[in-house]
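Asker: Please find one structure pasted underneath; my questions will follow.
There are 2 protein chains.
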Amino acid sequence: MKISELSRATGVPVASIKYFRREGLLPAGKATAATLAEYGERHVQRLRLIKALTTLGGLSIATTREVLTAVDQAQTSDGALGAISYALPVPVTASPAGDAEEEAKADTAAEAEVAELIEAMDWWTPASSPHVQGLAAALKELRRVDAGYEPGELAAYAELARSVARLDLERAAAFEDRVALAERAVILLALSSPVLELLRRLAQENEVRRRTGRREPDDA
Amino acid sequence: MKISELSRATGVPVASIKYFRREGLLPAGKATAATLAEYGERHVQRLRLIKALTTLGGLSIATTREVLTAVDQAQTSDGALGAISYALPVPVTASPAGDAEEEAKADTAAEAEVAELIEAMDWWTPASSPHVQGLAAALKELRRVDAGYEPGELAAYAELARSVARLDLERAAAFEDRVALAERAVILLALSSPVLELLRRLAQENEVRRRTGRREPDDA
DNA sequence: CCCTGGCAGATACTGCCACTATCTAGTTCT
DNA sequence: AGAACTAGATAGTGGCAGTATCTGCCAGGG
Numbered sequence: 017m018k019i020s021e022l023s024r025a026t027g028v029p030v031a032s033i034k035y036f037r038r039e040g041l042l043p044a045g046k047a048t049a050a051t052l053a054e055y056g057e058r059h060v061q062r063l064r065l066i067k068a069l070t071t072l073g074g075l076s077i078a079t080t081r082e083v084l085t086a087v088d089q090a091q092t093s094d095g096a097l098g099a100i101s102y103a104l105p106v107p108v109t110a111s112p113a114g115d116a117e118e119e120a121k122a123d124t125a126a127e128a129e130v131a132e133l134i135e136a137m138d139w140w141t142p143a144s145s146p147h148v149q150g151l152a153a154a155l156k157e158l159r160r161v162d163a164g165y166e167p168g169e170l171a172a173y174a175e176l177a178r179s180v181a182r183l184d185l186e187r188a189a190a191f192e193d194r195v196a197l198a199e200r201a202v203i204l205l206a207l208s209s210p211v212l213e214l215l216r217r218l219a220q221e222n223e224v225r226r227r228t229g230r231r232e233p234d235d236a
Numbered sequence: 017m018k019i020s021e022l023s024r025a026t027g028v029p030v031a032s033i034k035y036f037r038r039e040g041l042l043p044a045g046k047a048t049a050a051t052l053a054e055y056g057e058r059h060v061q062r063l064r065l066i067k068a069l070t071t072l073g074g075l076s077i078a079t080t081r082e083v084l085t086a087v088d089q090a091q092t093s094d095g096a097l098g099a100i101s102y103a104l105p106v107p108v109t110a111s112p113a114g115d116a117e118e119e120a121k122a123d124t125a126a127e128a129e130v131a132e133l134i135e136a137m138d139w140w141t142p143a144s145s146p147h148v149q150g151l152a153a154a155l156k157e158l159r160r161v162d163a164g165y166e167p168g169e170l171a172a173y174a175e176l177a178r179s180v181a182r183l184d185l186e187r188a189a190a191f192e193d194r195v196a197l198a199e200r201a202v203i204l205l206a207l208s209s210p211v212l213e214l215l216r217r218l219a220q221e222n223e224v225r226r227r228t229g230r231r232e233p234d235d236a
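Note that the protein sequences, when read in sequence, are chains A and B.
Position in the first sequence counted from 1, then plus 16, gives you the numbering used here.
Position in the second sequence counted from 1, then plus 16, gives you the numbering used here.
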């Protein structure tokens, strides 16, 4: 398969394919001559995954590269999920607020809240996990807009998150035969979350409708 | 409060405050002279919300503006949740793939899947809802990387999403006294999702640890 | 009284990112 | 041979989110 054919097969412009190759997301084709290379099914697959990660998962090129690197390295080894999970960006960028003293207080409060949650859920997560850090940061930010969680509320959500995680793992086991381990991990971690988010919004939309007894769309 | 004080109170640079004002995210202060304006608590609040929406919610400036506009208009009226919900970006941008014919087939298949789900869940959501469209697009994309949902699997997730939505609404009712209606809606819709995402990742991390019986972090 | 420091509002500039285009030189098909 | 393609390198584009600068202008202290 020549590059132009690869392009046609995936709908990705040739220039973009070259770009991805440059950036190390896509392995080069097998060169058959100085100005010709052969691409295969593997490249089609990879290109599809790249597109899915960037459009559906919303990942940057840099992050996609990291994730794909993790995928490649974990292809055989165990712990693929962990490695990839840690490679994914935590959707919170700490924002240093005005008052330094207040800040420190909010910091420890949020961290304590997370620690308590982990304790309550009997989770084994180490405090060093980026997710733990991220969660603390998120809670802090929410407190700042007066939207902190009541004690116990967070645990209720965590319980549901656990159910989702269990479903995820079952699902992963179910397509064992179709997709390689590491790629399944990516799919579960990076590509399923938009689906979940949309389901949540749909459910919310619906709950609100139910409670107000209206079947029509809301007036904007 | 002068602009420099507003800046100090929120940790946002003066230049950025001016930028937000230009972009219509932040109302102008009350001018007391040609070169002086007075800002109040309202502005501090708003600035915090803007920061939360952009950093925590990951919204663009344009989207933030839309959301805030919806917030302002819905402040009194009902249907705030709906309006804001629709203003939020759907985390899927349809990507036209290679083959046009295959494409159409995948389209209708995905739409049917969503319709079936809505039917099964007894949801009242109109097919015109951006969430419905987005979900169909997301499913299509997943199919393309061989990660489609088995029949029934999606419904299981939807069930959990419903539970989350119910928790959300309870939570919203609980801080009725603290935050205005429309702002609660924003918080639930745009600001809580990172928390949920992180909880899910934590839960996954933990489930994997449990199943493999390891308490230490995964080797990268 | 006037000068210094800060302010409003407008405009221009910057850095980053994800492509996209162009150029050179070589290769294959017919 | 010549048109049509290819690889690889380099440069350019457009959008986004600020950041900086410039021009008056004015309040308050010495």
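Heads up, the beta-carbon is just placed ideally off N, CA and C, and yes, glycines get one too.
Nothing here was measured: the structure is a model prediction, and the numbers come from that model.
(1) Over the uninterrupted beta strand (DSSP E) stretch that includes Glu1(A), give me the two end residues.
(2) Is it the case that the Cβ atoms of Leu207(B) and Leu72(B) are separated by a distance below 9 Å?
(3) Measuring CB to CB, does Val108(A) end up less than 9 Å from Glu157(A)?
(4) List the whole-angstrom C-beta distance separating Ala198(A) from Ala90(A), where the pair is believed to meet the contact cut-off of C-beta under 8 Å.
(5) Arg187(B) versus chain A: which residues are under 7 Å apart at the beta carbon?
(6) Does the beta carbon of Asp234(B) come closer than 9 Å to any beta carbon on chain A?
(7) Locate the alpha helix (DSSP H) running through Lys46(B), then write down its first and last residues.
(8) On the criterion of 16 or more Cβ atoms from any shown chain inside 10 Å, does Lys121(A) qualify as buried, or is it exposed?
(9) Rounded to the nearest angstrom, how far is the Cβ of Arg216(A) from that of Val180(B), given a contact under 8 Å?
(10) On a CA-only basis, which of Arg37(B), Glu223(B) and Ala31(B) is nearest Trp140(A)? Give me that one, please.
(11) Between which two residues does the alpha helix (DSSP H) carrying Tyr35(A) extend?
(12) Below 9 Å between beta carbons: does that hold for Ala96(B) and Ala201(B)?
(13) What is the residue span of the alpha helix (DSSP H) that Asp88(B) lies within?
(14) Anything in chain B within Cβ reach of Ser32(A), meaning under 9 Å, just list it in chain order.
(15) Quick one: residues in its chain with C-beta nearer than 8 Å to the C-beta of Ala236(B), no 5 flanking neighbours on either side, listed in chain order?
(16) Return the first residue and the last residue of the alpha helix (DSSP H) that Lys67(A) is part of.
(17) Distance cutoff 9 Å, beta carbons only. Does Thr80(B) sit that close to anything in chain A?
(18) Identify each residue in the segment 146 to 162 of chain A for which the Cβ-Cβ distance to at least one residue of chain B is less than 8 Å, and report them in chain order.
(19) Cutting at 7 Å between CB atoms, please list the residues of its own chain near Gly40(A), excluding the five before and the five after it.
(20) What does a CB cutoff of less than 8 Å around Ser148(A) pick up in its chain, not counting 5 residues either side in sequence?
(21) Could you check the C-alpha separation between Lys46(B) and Pro210(B) for me, to the nearest Å?
(22) Assuming Val202(B) is part of the alpha helix (DSSP H), what are its boundary residues?
(23) Going along the chain, which residues of its own chain have a beta-carbon closer than 7 Å to the beta-carbon of Asp234(B), five neighbours each way excluded?
(24) In three-state DSSP terms, what is Val224(A)?
(25) Kindly indicate the opening and closing residues of the alpha helix (DSSP H) around Ser145(B).
(26) When you compare only the Cα positions, how much space is there between Gln220(B) and Ser20(B)?
(27) Our contact map puts Ala103(A) next to Ala86(A) with C-beta atoms below 8 Å; I'd like the distance itself, whole angstroms only.
(28) Count the other CB atoms, across all protein chains shown, that sit within 10 Å of the CB of Val8(A); report buried if there are 16 or more and exposed otherwise.
(29) Would you kindly work out how many angstroms separate the C-alpha atoms of Ala152(A) and Ala50(A), rounded to a whole number?
(30) Report buried or exposed for Gly98(A), applying the criterion of at least 16 other Cβ atoms within 10 angstroms of its Cβ.
(31) Spatial neighbours of Pro29(B) within its chain, please: C-beta separation below 8 Å, excluding the five flanking residues on both sides.
(32) Quick one: which residues of the segment 174 to 186 of chain B get their C-beta closer than 7 Å to a C-beta of chain A? List them in chain order.
(33) For Tyr55(B), which residues from the same chain have a beta carbon less than 6 Å from its beta carbon, with the 5 sequence-adjacent residues on both sides left out?
(34) Which stretch, first to last residue, makes up the alpha helix (DSSP H) that contains Ser184(A)?
(35) Does the distance from the CB of Gly150(A) to the CB of Leu214(B) come in under 9 Å?
Answerer: From the atom records:
(1) Nothing can be reported for residue 1(A): it is not among the residues displayed for chain A, which extend from 17 to 236.
(2) Taking the second sequence and counting its residues from 1, one reaches residue 207(B) at position 191. Taking the second sequence and counting its residues from 1, one reaches residue 72(B) at position 56. Yes, they are a contact pair.
(3) One-based indexing of the first sequence puts residue 108(A) at position 92. One-based indexing of the first sequence puts residue 157(A) at position 141. In contact: Val108(A) and Glu157(A) (Cβ atoms closer than 9 Å).
(4) If you number the first sequence from 1, residue 198(A) lands on position 182. If you number the first sequence from 1, residue 90(A) lands on position 74. Indeed they touch by this definition, with Cβ atoms about 5 Å apart.
(5) Residue mapping note: residue 187(B) aligns to position 171 of the second sequence, counting from 1. Glu169, listed in chain order.
(6) As a first step, residue 234(B) is located in the second sequence; it is residue number 218 there, counting from the start. Caution is warranted here: a pLDDT of 49 is assigned to Asp234(B), below 50, making its placement in the model unreliable, and the coordinate value is therefore given only provisionally. So, interface residue.
(7) The sequence position of residue 46(B) within the second sequence is 30, counting from 1. Unbroken run through Lys46(B) is the beta strand (DSSP E), Lys46 to Ala49; no alpha helix (DSSP H).
(8) Position 105 of the first sequence holds residue 121(A). Classification for Lys121(A): exposed.
(9) Residue mapping note: residue 216(A) aligns to position 200 of the first sequence, counting from 1. Residue mapping note: residue 180(B) aligns to position 164 of the second sequence, counting from 1. About 5 Å; that satisfies the 8 Å criterion.
(10) Locating residue 140(A) in the first sequence gives position 124, counting from the first residue. Ranking the options by Cα distance to Trp140(A), first place goes to Glu223(B).
(11) On the first sequence, position 19 is the one that residue 35(A) refers to. Segment Val30 to Arg38, the alpha helix (DSSP H) holding Tyr35(A).
(12) Here residue 96(B) refers to the residue found at position 80 when the second sequence is read from its first residue. Here residue 201(B) refers to the residue found at position 185 when the second sequence is read from its first residue. For Ala96(B) and Ala201(B), yes; Cβs fall inside 9 Å.
(13) Working through the second sequence from its first residue, we reach residue 88(B) at position 72. Looking at the DSSP string, the run of the alpha helix (DSSP H) that includes Asp88(B) is Ile77 to Ala90.
(14) If you number the first sequence from 1, residue 32(A) lands on position 16. Under the 9 Å cutoff, chain B gives no residues; its nearest Cβ is about 12 Å from Ser32(A).
(15) What you label residue 236(B) is simply residue 220 of the second sequence in a count that begins at 1. Low confidence applies to Ala236(B): its pLDDT is 39, below 50, so where it sits in the model is not reliable, and the reading given next is rough at best. Within the same chain, Ala236(B) has no close Cβ partners at all.
(16) To locate residue 67(A), count along the first sequence from 1; it is residue 51. Note, Lys67(A): alpha helix (DSSP H), Glu57 to Lys67.
(17) Here residue 80(B) refers to the residue found at position 64 when the second sequence is read from its first residue. By this cut-off, Thr80(B) is not an interface position.
(18) His147, Val148, Gly150, Leu151, Ala154, Leu155, Glu157, Leu158, Arg160, Val161 and Asp162
(19) As a working note, residue 40(A) is residue 24 in the first sequence. Closer than 7 Å at Cβ, skipping near neighbours: Arg81.
(20) By 1-based counting over the first sequence, the position of residue 148(A) is 132. It is Val, not Ser, that sits at residue 148(A) in the sequence shown. Val130, Ile134, Thr141 and Pro142.
(21) Walking along the second sequence from the start, residue 46(B) turns up at place 30. Walking along the second sequence from the start, residue 210(B) turns up at place 194. Computed Cα separation, rounded: 35 Å.
(22) In the second sequence, counting from the first residue as 1, residue 202(B) sits at position 186. Per DSSP, Val202(B) belongs to the alpha helix (DSSP H) from Leu197 to Val202.
(23) To locate residue 234(B), count along the second sequence from 1; it is residue 218. Because the pLDDT at Asp234(B) is just 49, under 50, the model does not fix this residue reliably, and the point stays unresolved.
(24) Looking up residue 224(A) in the first sequence gives position 208. Helix, per DSSP.
(25) Counting from one through the second sequence, the residue named residue 145(B) turns up at place 129. No alpha helix (DSSP H) holds Ser145(B); DSSP gives it neither H nor E.
(26) Locating residue 220(B) in the second sequence gives position 204, where the first residue counts as 1. Locating residue 20(B) in the second sequence gives position 4, where the first residue counts as 1. In a straight line, the C-alpha of Gln220(B) is about 45 Å away from that of Ser20(B).
(27) Locating residue 103(A) in the first sequence gives position 87, where the first residue counts as 1. Locating residue 86(A) in the first sequence gives position 70, where the first residue counts as 1. With 8 Å as the limit, Ala103(A) and Ala86(A) qualify as a contact, their Cβ atoms being about 5 Å apart.
(28) No answer is possible for residue 8(A): it lies beyond the span of chain A, which begins at 17 and ends at 236.
(29) Here residue 152(A) refers to the residue found at position 136 of the first sequence. Here residue 50(A) refers to the residue found at position 34 of the first sequence. In a straight line, the C-alpha of Ala152(A) is about 53 Å away from that of Ala50(A).
(30) In the first sequence, the residue the question calls residue 98(A) occupies position 82. Gly98(A) should be labelled buried.
(31) Position 13 of the second sequence, counted from the start, is the residue given in the question as residue 29(B). Same-chain partners within the cutoff: Ser23.
(32) Ala174, Leu176, Ala177, Arg178, Ser179, Val180, Ala181, Arg182, Leu183, Asp184 and Leu185
(33) As a working mapping, residue 55(B) is identified with position 39 in the second sequence. The answer, listed in chain order, is Met17, Leu22 and Gly45.
(34) Counted from its first residue, the first sequence places residue 184(A) at position 168. A quick correction: the sequence has Asp, not Ser, at residue 184(A). Its alpha helix (DSSP H) spans residues Glu169 to Ala190.
(35) To locate residue 150(A), count along the first sequence from 1; it is residue 134. To locate residue 214(B), count along the second sequence from 1; it is residue 198. In this structure, Leu214(B) lies closer than 9 Å to Gly150(A) by Cβ.
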